[in-house]
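**Q** Take the sequence shown: its position 287, counted from the start at 1, is 271 in my numbering, and no numbers get skipped.
Even glycine gets a Cβ: it sits at the ideal position worked out from N, Cα and C.
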Amino acid sequence: MFSRFLAVAFLAVLFLPAGAEARSPKAAKQLFGHVNGPAKMKPRPIGFYTKGCLAGGKQLAKTGPAWQAMRLSRNRNWGHPVLIDFLEKLAVNAKEKDGWPGLLVGDLSQPRGGPMLTGHRSHQIGLDADIWLTPMPKNVQSYRQRESRSAISMLAKGGLEVHPKKWSMARAKLIKRAAESRGVARIFVHPAIKKALCEASDKIGTDRSWLRRVRPWWGHHYHFHVRLNCPSGMAGCKSQPAPPVGDGCAKQLDHWFAMMRPKKIKKPVKPVKKRKKRKKRRVLTLASLPHGCTTVISKGNKTLQKQLRAGKIVGHIPVPARNPRRVAKPQNMLEKLINGLKADGKNTVTPVVENEN
Ligand SMILES: [Zn+2]
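Below you can see the structure in the form of C-alpha cells.
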C-alpha cells in the first residue's frame, strides 16, 4: 500500500508543469534589498516612485565638497545620474550662496532601486532623496558617526508648530533653493514646516511659486524629501501628476492640522466595537513590478537568471507573470482615482496620490 502511494506521489511530481512545485512569487524587496551593486546598463528609472526599479544606478560619493552621505551601511546612496547631479549642485550652491554648511544626505535608492526591506515605500526609481535638516558638521565624519548621529526634529512639543530655536530662516532658504532647482517635482515636509515656509516666504523673496512644489506629508520633520520628475525621453518612467494649483498655504493646510490635533475623547455611549484589522499592504513581487525590473535585477546574476528560466522565481523574462491582468489592476485603480479627483475638481492632497514615506 505504502509503495503504491509513493509511486503515485512520484508520478504526480513528474507530471507537474516545469518548475511549478517551486514557483514562488518572491517578495521583490528580498531581491532588491540584498543586491550590492548597480545593474550595468544605460541609466533609466523604470516604473513609478512606489513601484519600480533603477537601471544604471550611480552612487553618490560618501563625502563631497559640501555633503556627507549618512547611514552608509544601508547602501542606499544610489540614484539616477540626474539625482546625483542635483544633490551635488544643491550642496555646493547652498554653501556658496546661502552659507548652509553642507548637506547631510539620507536615503536615496538601493543600487538597483526597487522595494526596500525596511522603511520607505517610495525611493524605488532613483529619483527620490532625503536631506537632513541638521547642518553638516565641519569634520569628515567616521563611518560610525554616520551610523549613530541622530537627526534633529524641527517640531515643538505637541507637534503642531516648528520649534523657534530649532527651525531657522537658513533652513527655509535651503528648501526654497531645492524647490526652485530644475527637475524638482515635489518636496515633502511636515505640515508644520510647510506652514513655517509659507510664513517665511515673503522674507526670503518675492516669488511664491516654489511653495506649490513643497507638499505637506507625515513624518518629514527631521529631513525633507526631494522628488525629481522623470528625466525627458525616459519611456517607462512614470511621473506623478503635477501638484494642485496654488501655494498650498493657509486654508489649504487646514485639513492637515485638523487631522493632527488631538481628538477629545467622548464617553462611549455604546460598548466600543472591536477595531477591524488593518488590511495588510500588498507585497510587491518581481512579477508585479514593471517588466524591465526583471532584467535589472537579473543583470549579471547567472544564478538568478537560471532560477527565472526554471520558473523558481516568477518574473517577466522568460517566465511571464502568472496572471498579467491582476498585475495591471492596481495601476489602473490609481489612475482611476487620480482621474476621479481631477473630474471632481478637488485639489486636496490625497494620501494615495502623494504616496510618500
Ligand atoms: Zn524620503
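May I ask whether a heavy atom of ligand 1 can be found less than 6 Å away from the beta carbon of HIS64?
**A** No, the Cβ of HIS64 stays beyond 6 Å of every heavy atom of ligand 1.
**Q** Three Cβ pairs or more, each shorter than 8 Å: is that satisfied between the segment 35 to 45 and the segment 93 to 102?
**A** Taking 8 Å as the limit for Cβ pairs, the verdict is that the segment 93 to 102 does touch the segment 35 to 45.
**Q** Would you mind stating whether ALA12 and LEU288 have Cβ atoms separated by less than 7 Å?
**A** Going by C-beta atoms, ALA12 is not nearer than 7 Å to LEU288.
**Q** For ALA53 versus ASN61, is the C-beta spacing smaller than 7 Å?
**A** Yes.
**Q** Looking at HIS355 and ligand 1, is the gap between the Cβ and the nearest heavy atom below 6 Å?
**A** Absent from the structure is residue 355, since the part of the chain shown begins at -15 and ends at 341.
**Q** Taking a cut-off of 5 Å, which residues have a beta-carbon closer than that to any heavy atom of ligand 1, in chain order?
**A** Answer in sequence order: ASP114 and HIS209.
**Q** Does DSSP put ASP191 in a helix, a strand or coil?
**A** Residue state, collapsed to three classes: coil.
**Q** For GLU5, which of helix, strand or coil comes out of DSSP?
**A** For GLU5, the pLDDT reaches just 35, beneath the cut-off of 50, and the residue's location in the model is therefore unreliable, although a value from the coordinates is still provided. Three-state DSSP puts GLU5 in a helix.
**Q** Identify which residue in TYR127, LYS81, ALA226 and PHE70 has its Cα closest to the Cα of LYS46.
**A** Among TYR127, LYS81, ALA226 and PHE70, the Cα nearest to that of LYS46 belongs to TYR127.
**Q** Based on DSSP bridge pairs, tell me the residues matched to LEU87.
**A** Note: LEU87 sits in a beta bridge opposite TRP51.
**Q** Taking C-beta to C-beta, are VAL173 and PHE208 nearer than 7 Å?
**A** In this structure, PHE208 lies closer than 7 Å to VAL173 by Cβ.
**Q** Using 8 Å as the Cβ pair cut-off and three pairs as the minimum, do the segment 121 to 135 and the segment 235 to 244 touch?
**A** Segments in contact, no.
**Q** Jot down the residue ranges of each uninterrupted alpha helix (DSSP H) in the segment 92 to 170, minimum 4 residues, whole runs only, in chain order.
**A** Whole alpha helix (DSSP H) segments, 4+ residues: 127 to 132 and 153 to 163.
**Q** Can you grab the Cα-Cα spacing for the pair ALA4 / ILE109, in whole Å?
**A** Confidence at ALA4 is low in this model, with a pLDDT of 38, below 50, so its placement is unreliable and no value can be given for it.
**Q** Look at the alpha carbon of ARG192 and the alpha carbon of VAL198, and state the distance between them as a whole number of angstroms.
**A** If I take the Cα positions, the gap works out to 11 Å.
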